[in-house]
Amino acid sequence: MKFFIIAVSIAFLCAAYAWPVIPLLVYPLNRRRGFWAALYCCAVAVFFGLGFRYTNRFMVSDFFEAAVYTSAVRAIAEATGILEKPRQIWRKREHEQEILS
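First residue of the sequence shown: 1, per UniProt numbering; consecutive thereafter.
Here it is, written out as structure tokens:
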């Protein structure tokens, strides 16, 4: 049982430390899904960030706070359409590579 608790704790800490970059990496070529993923990541980060706010152990709340900021940046970028031009260039490049190969 002790091993299970340690394994779950390590998995949770790994997820907490990776959570700030998840909104930036999820659904890079889909505007609508990227926006909703950013909002979901932000809501989860706020929930867990408030839960671990008064525990200073492993700085978990700091990583969730960073996730709120990265989620907000992604949501704003998706809502304003800033990322559409890079997506079009990426899709065009992929299409050209498919034609050449």
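All C-beta atoms in this analysis are idealised placements derived from N, C-alpha and C, irrespective of residue type, glycine included.
Residue i, enclosing alpha helix (DSSP H) - first and last residue
i, result
"R31", "R31 to G51"
Reduced DSSP secondary structure (H/G/I, E/B, other) of residue i
i, result
"L83", "coil"
"P20", "helix"
"L69", "Reading the sequence as shown, one finds Tyr at residue 69 and not Leu. In the structure shown, Y69 sits in a helix (DSSP, three-state: H, G or I)."
"S101", "coil"
"V26", "coil"
"M1", "coil"
Beta-carbon contacts of residue i that lie in its chain and below 7 Å, excluding the five residues immediately before and after
i, result
"L24", "T70 and R74"
"I22", "C41"
Own chain partners of residue i with C-beta closer than 8 Å, once the 5 adjacent residues on each side are dropped
i, result
"A18", "none"
"Y27", "R33, G34 and A37"
"A79", "F35"
"R53", "S61"
Buried or exposed (CB count within 10 angstroms, at least 16 for buried), residue i
i, result
"I76", "exposed"
"V60", "buried"
"A43", "exposed"
"G51", "exposed"
"F3", "exposed"
Contact set for residue i: own chain, Cβ-Cβ below 6 Å, skip 5 residues either direction
i, result
"A11", "none"
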